[in-house]
Amino acid sequence: MEVNPNKHIAHSAHADAHGHAHGHHDHDHDHDDNFWSKYIFTTDHKMIAKQFLNTAIFMAFLAMFMSLIFRMQLAWPDAKIPFLQDMIGKWGKDGKLDPGFYLALVTIHGTIMVFFVLTGGLSGTFSNLLIPLQVGARDMASGFLNALSFWFFALSSVVMLVSLGVESGPASGGWTVYPPLSALPQAIPGSGLGMTLWLVSMVFFIASSLLGGINYISTILNLRTKGMSMTRLPLTIWAFFITAILGVLSFPVLLAAALLLVFDRSFGTSFYLSDIFIDGAPLDHAGGSPILYQHLFWFLGHPEVYIVLLPALGLTSEVISVNARKPIFGYKAMIGSMLVIAFLSFIVWGHHMFVTGMNPFLGSVFVFTTLLVAIPSAVKVFNYITTLWRGNIQFTPQMLFGIGLVSTFITGGLTGIILGDSALDINVHDTYFVVAHFHIVMGSSAIFGMFAGVYHWFPRMYGRMMNKPLGYIHFWLTLIGLYGTFFPMHFLGLAGLPRRYYAFTSYEAFDTLININHIVTVFAIIGGLAQFIFLFNFYYSIKYGKKSVQNPWKSNTLEWTAPVEHLHGNWPGAIPEVHRWPYDYGKPGAPDDFIPQTVPFSETPESNTPHDH
Amino acid sequence: MNILLILAVVFGTLVLVRLANVAAIASKLSGENEEAEQESANRWNSIGMLTFLIVGLITMFYLINAYAPLMLPVSASEHGVAIDELMNINWIVLFITFLITQILLFFFAFKYKFNKNRRSFYFHDNNKLEAIWTVIPTIVLASLIVTGLQEWNDITNKSDKMEGLKIQIYAKQFDFTARYAGDDKNLARTNFRLINDVNPLGVDSLDKYAADDIISKELVMPKGAEIELVINSRDVIHSVYLPHFRVQMNAVPGMTTRFSFKPTMTTAEMQKETKNPKFEYVMLCNKVCGVAHYNMKMPVRVVEMAEYQEWLKAQPLVFPVAGESTAGASTATAEASATMTSGTN
Numbered sequence: 001m002e003v004n005p006n007k008h009i010a011h012s013a014h015a016d017a018h019g020h021a022h023g024h025h026d027h028d029h030d031h032d033d034n035f036w037s038k039y040i041f042t043t044d045h046k047m048i049a050k051q052f053l054n055t056a057i058f059m060a061f062l063a064m065f066m067s068l069i070f071r072m073q074l075a076w077p078d079a080k081i082p083f084l085q086d087m088i089g090k091w092g093k094d095g096k097l098d099p100g101f102y103l104a105l106v107t108i109h110g111t112i113m114v115f116f117v118l119t120g121g122l123s124g125t126f127s128n129l130l131i132p133l134q135v136g137a138r139d140m141a142s143g144f145l146n147a148l149s150f151w152f153f154a155l156s157s158v159v160m161l162v163s164l165g166v167e168s169g170p171a172s173g174g175w176t177v178y179p180p181l182s183a184l185p186q187a188i189p190g191s192g193l194g195m196t197l198w199l200v201s202m203v204f205f206i207a208s209s210l211l212g213g214i215n216y217i218s219t220i221l222n223l224r225t226k227g228m229s230m231t232r233l234p235l236t237i238w239a240f241f242i243t244a245i246l247g248v249l250s251f252p253v254l255l256a257a258a259l260l261l262v263f264d265r266s267f268g269t270s271f272y273l274s275d276i277f278i279d280g281a282p283l284d285h286a287g288g289s290p291i292l293y294q295h296l297f298w299f300l301g302h303p304e305v306y307i308v309l310l311p312a313l314g315l316t317s318e319v320i321s322v323n324a325r326k327p328i329f330g331y332k333a334m335i336g337s338m339l340v341i342a343f344l345s346f347i348v349w350g351h352h353m354f355v356t357g358m359n360p361f362l363g364s365v366f367v368f369t370t371l372l373v374a375i376p377s378a379v380k381v382f383n384y385i386t387t388l389w390r391g392n393i394q395f396t397p398q399m400l401f402g403i404g405l406v407s408t409f410i411t412g413g414l415t416g417i418i419l420g421d422s423a424l425d426i427n428v429h430d431t432y433f434v435v436a437h438f439h440i441v442m443g444s445s446a447i448f449g450m451f452a453g454v455y456h457w458f459p460r461m462y463g464r465m466m467n468k469p470l471g472y473i474h475f476w477l478t479l480i481g482l483y484g485t486f487f488p489m490h491f492l493g494l495a496g497l498p499r500r501y502y503a504f505t506s507y508e509a510f511d512t513l514i515n516i517n518h519i520v521t522v523f524a525i526i527g528g529l530a531q532f533i534f535l536f537n538f539y540y541s542i543k544y545g546k547k548s549v550q551n552p553w554k555s556n557t558l559e560w561t562a563p564v565e566h567l568h569g570n571w572p573g574a575i576p577e578v579h580r581w582p583y584d585y586g587k588p589g590a591p592d593d594f595i596p597q598t599v600p601f602s603e604t605p606e607s608n609t610p611h612d613h
Numbered sequence: 614m615n616i617l618l619i620l621a622v623v624f625g626t627l628v629l630v631r632l633a634n635v636a637a638i639a640s641k642l643s644g645e646n647e648e649a650e651q652e653s654a655n656r657w658n659s660i661g662m663l664t665f666l667i668v669g670l671i672t673m674f675y676l677i678n679a680y681a682p683l684m685l686p687v688s689a690s691e692h693g694v695a696i697d698e699l700m701n702i703n704w705i706v707l708f709i710t711f712l713i714t715q716i717l718l719f720f721f722a723f724k725y726k727f728n729k730n731r732r733s734f735y736f737h738d739n740n741k742l743e744a745i746w747t748v749i750p751t752i753v754l755a756s757l758i759v760t761g762l763q764e765w766n767d768i769t770n771k772s773d774k775m776e777g778l779k780i781q782i783y784a785k786q787f788d789f790t791a792r793y794a795g796d797d798k799n800l801a802r803t804n805f806r807l808i809n810d811v812n813p814l815g816v817d818s819l820d821k822y823a824a825d826d827i828i829s830k831e832l833v834m835p836k837g838a839e840i841e842l843v844i845n846s847r848d849v850i851h852s853v854y855l856p857h858f859r860v861q862m863n864a865v866p867g868m869t870t871r872f873s874f875k876p877t878m879t880t881a882e883m884q885k886e887t888k889n890p891k892f893e894y895v896m897l898c899n900k901v902c903g904v905a906h907y908n909m910k911m912p913v914r915v916v917e918m919a920e921y922q923e924w925l926k927a928q929p930l931v932f933p934v935a936g937e938s939t940a941g942a943s944t945a946t947a948e949a950s951a952t953m954t955s956g957t958n
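Here the protein sequences come in this chain order: A and B. The C-terminal position of the first sequence is numbered 613 in our numbering, with every residue numbered one higher than the one before it. The C-terminal position of the second sequence is numbered 958 in our numbering, with every residue numbered one higher than the one before it.
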């Protein structure tokens, strides 16, 4: 296998063109690295992973900050929010949040969290970090495309940030940006320049996601080291692999949806628009359908949920197995259930559209496919629980977050059965019940998976350990904060409270619910503050954390056979060979409670079973 | 003000630095024994798991009990009662699953904390177990799917065949208008190009059903009648949401959507039921439609049939008949028809 190790990173762009490859090389130091080649034009997957992670952390704090502002508005609609005007200027005059900007905050919060944090941040960080290291490759199949993937992501983030500052306000039609609202600046100010920038940003984002995805797939398929068969891949890699396929198949559809929206907005076409009278005049658009947009959007939108969730589940599988000192239960069933979930995710999008006027029979089909998703999900949950059973659990911060993920995955998954049942969806559709559901099953689970990943692989990224006690405090406050925030929202939804409302003050019937809104906001603030503990721990540990040993968690996978100090090409000397699956933890007869993948069966006669040969 | 904020940040960071240092010193004091440190962490966190499970479950039951009176009252429509029943069956199934899985998860986490003298049980595959937890969820889900779809078909099929009382709900930024069919029981067609100040719905006056159409800013429905809501929007997507009737359907520009249901309780009856003499039904917009989305609503009343007919008689026609109405209105109507003719051409 020949890999371009990109010795001269700054020139890597030309490397492909020249078609040369250095092959294996033994140097374990980097020459002529300067700021530009090390940070800006790097094609090293480990550095790109860190770039994704740091960008995502920044975006996550921004989006969280937005959510705290609108949570305060919802809990205390009549109060003045201190410092609001200092922070957001004219949108928060005298501490009163502008109703239009409330919608903008909700929209951008959703967009950033779903795309920039849980798609770009999660897949971008861990696919980049772990795919080459865990399959035994020196770098991604194309380091250059990989670097491009990050820079498109960065560009897309910048455009999104710029849109926050435009005069008429950022996009504010909800993160799904349904037309005609998103198509007509007359309908809402945010559909002016803000919406244009939103669309531009998404186009860059989709390009980034596709470049990354193609790279992940080809690396996993082509660059596995000797002995690394598909059934010896860690579940993390399987999860990234399936995620990348989902992304490659579904993101282009979002691009199409966005492009047609651009046409409707700027070039007078009528893909989504028809029979509209606004601002005192009828529009010329005729023959389009707003429902078309929803079909296209959710054709991405639902797989997107699993693009967010599967990497988190993959990371958690690894973390739970390592820390329970026990093989993951049902390795093949885990892969199978991920494949089934991925397949089903393409044929369930209509459950977002039960009350759009879509043909009810079509609705029935989507009910059927949607509820089927519960079966592979249940299999995964039971497998996690069985992995804990009679394990030998080390409570590291990552293990806590892994267990937290399983808990929120159960809680949020179950309410999905209500929402996927069209008859029951009628009365809870677009209420806080939905908000509770997806924040628990997708938001909390994915962010727990991401934290588990960060705590677990931090030593691999920065060569130092994160502080554990701070990690524990972070976990418990986050768990309590998340459940305290999102669990009571179920009650709001069942009481009929619509989402995306600036205030409920003009509805006497909802007056009694204000107490629940207080509780939600207080816990949101607790959970939000807890993230500063993480932020501090992360950056403090990069600089001052305890130096890591090579394999701090006594783990089996290949990334821990590489030296702590980063080098291009990952391993000095030859790439390690793989002889067994990655989950030989606590194998009877073995001297240690783990046997790395690089150990051949010939060296472990005491623990081999007939099955192993 | 800003200084306060900066001070808070600085102070918070200092506290965290101290905490990190204390943790570092504490680990040094314990003889730099990482194993002992992890052992203590295992103990505390495993106890934390059990505590979280118990406190979490108690809190959950407490909240369910405490918030029960705040939930929606009994459904005021026929199909709504069936939806609520289905919902309760689902809740029972989900609740049992929830309790079993969460208790197992947190209990195992509590019970199997690390012990260096013990090995985990090397158990990585069991087809029988996998089969059990594939087949049981499948059976349970199959029954939920079947009952759910039966209910869904019952609700949606009505829209196709029934000849109910047709009421148009016409949505725009940021209000709803109701249009009643009148004596001929049919709603005249509309055209968005006919919209003007006196004809805000764009009703086509040339349609033979137009003359007796009635409009209202309040949705009044007779108890016990089959109602067919004919839903339209003229600008962006809105959603007609009647939580007390378990009714929701989007209003989509360029197409007509429908929802059929039968109100079973008058407003007065519901006031008795909820023991709230001020109780009123309400229709909310439930699809974000612009800056004032949160204030887009319509008052709703359910009354006995006789009272409904009385009320209907008092409502204005879409095209007030000249002579019976004021002079100003008739001139306006004339203008409207003129605009319409040019519009249709």
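Virtual Cβ for every residue (Gly too), placed ideally from N, Cα, C. Quick caveat: nothing in here was measured; it's all calculated off a predicted structure.
Think of a sphere of 7 Å around the beta carbon of serine 659 of chain B: the chain A residues whose beta carbon falls inside it are Phe395, in chain order. Inter-residue distance for alanine 312 of chain A and arginine 859 of chain B is about 36 Å (C-alpha atoms, whole angstroms). Interface flag for arginine 390 of chain A against chain B is set, since a Cβ pair is found closer than 8 Å. Taking every protein chain shown into account, the CB of isoleucine 709 of chain B has fewer than 16 other CB atoms within 10 angstroms, so this residue is exposed.
Scanning B:His692, B:Pro866 and B:Lys785 for the CA closest to the CA of threonine 769 of chain B turns up B:His692. Scanning A:Pro170, A:Ile335 and A:Ser157 for the CA closest to the CA of phenylalanine 205 of chain A turns up A:Ser157. Under the three-state reduction of DSSP, valine 816 of chain B is assigned to strand.
Beta-bridge pairing by DSSP links phenylalanine 892 of chain B to no other residue. It is roughly 17 Å from the alpha-carbon of valine 931 of chain B to the alpha-carbon of isoleucine 844 of chain B.
Close CB contacts of alanine 823 of chain B within its chain, under the 7 Å cut and outside five residues either way in sequence, are with Ala801, Val816, Asp817, Val931 and Phe932 (chain order). Below the 7 Å Cβ cutoff, chain A contributes Pro498 as neighbours of leucine 897 of chain B, in chain order. In chain order, Gln861 make up the part of chain B whose C-beta sits under 7 Å from the C-beta of histidine 429 of chain A.
In summary, tyrosine 539 of chain A is exposed, with fewer than 16 beta-carbon neighbours lying within 10 Å of its beta-carbon over all protein chains present. With three or more CB-CB distances shorter than 8 Å, the segment 569 to 584 of chain A counts as touching the segment 542 to 558 of chain A. Using beta-carbon distances, alanine 838 of chain B does not count as an interface residue toward chain A, since no partner is under 8 Å. In this structure, leucine 400 of chain A keeps its C-beta atom at 8 Å or more from the C-beta atom of leucine 632 of chain B. For serine 829 of chain B against tyrosine 793 of chain B, the beta-carbon gap comes to about 7 Å, under 8 Å, which counts as contact.
By the Cβ test, the segment 598 to 608 of chain A is not in contact with the segment 244 to 261 of chain A, since fewer than three Cβ pairs between them sit closer than 8 Å. For the pair arginine 656 of chain B and tyrosine 725 of chain B, the Cα-to-Cα distance works out to about 11 Å. Shown in chain order are the members of the segment 352 to 368 of chain A whose Cβ falls below 8 Å from a Cβ of chain B: Val355, Thr356, Gly357, Pro360, Gly363, Ser364, Val367 and Phe368. For asparagine 845 of chain B, the enclosing beta strand (DSSP E) begins and ends at 840 to 846. Leaving aside the five residues that flank isoleucine 696 of chain B on each side, the residues in its chain whose CB is nearer than 6 Å to its CB run, in chain order, Arg859. If you draw a straight line from the Cα of tyrosine 216 of chain A to the Cα of glycine 136 of chain A, it is about 13 Å long. Scanning B:Pro876, B:His851, B:Val694 and B:Lys926 for the CA closest to the CA of tyrosine 907 of chain B turns up B:His851. In the three-state DSSP reduction, leucine 164 of chain A falls in the coil class, being neither helix nor strand. For the beta strand (DSSP E) assignment, the segment 753 to 783 of chain B encloses no uninterrupted run of at least 3 residues. One alpha carbon belongs to proline 303 of chain A, the other to serine 345 of chain A, and they sit about 5 Å apart. Neighbourhood of serine 733 of chain B in chain A, by CB distance below 8 Å: Ala324, Arg325, Lys326, Arg390, Gly391, Asn392, Tyr585, Gly586 and Asp593, in chain order. In summary, the residues of the segment 413 to 442 of chain A whose CB is separated from some CB of chain B by less than 8 Å are Leu414, Thr415, Ile417, Ile418, Asp421, Ser422, Ala423, Leu424, Ile426, Asn427, His429, Asp430 and Thr431, in the order they occur in the chain. Residues of chain A with a Cβ closer than 9 Å to the Cβ of serine 829 of chain B do not exist; the shortest Cβ-Cβ separation is about 20 Å. When Cβ pairs closer than 8 Å are counted between the two stretches, the segment 334 to 345 of chain A is seen to touch the segment 374 to 384 of chain A, the count reaching three or more. If you compare the alpha carbons of A:Val367, A:Asn34 and A:Ile88 with that of glutamine 763 of chain B, the shortest gap goes to A:Val367. Under the 8 Å Cβ criterion, the segment 353 to 360 of chain A counts as touching the segment 278 to 295 of chain A, having at least three qualifying pairs. Aspartate 826 of chain B and glutamate 167 of chain A have their C-alpha atoms roughly 45 Å apart. Excluding sequence positions up to five before and after valine 687 of chain B, its CB lies within less than 7 Å of the CB of Glu886, all in the same chain and listed in chain order.
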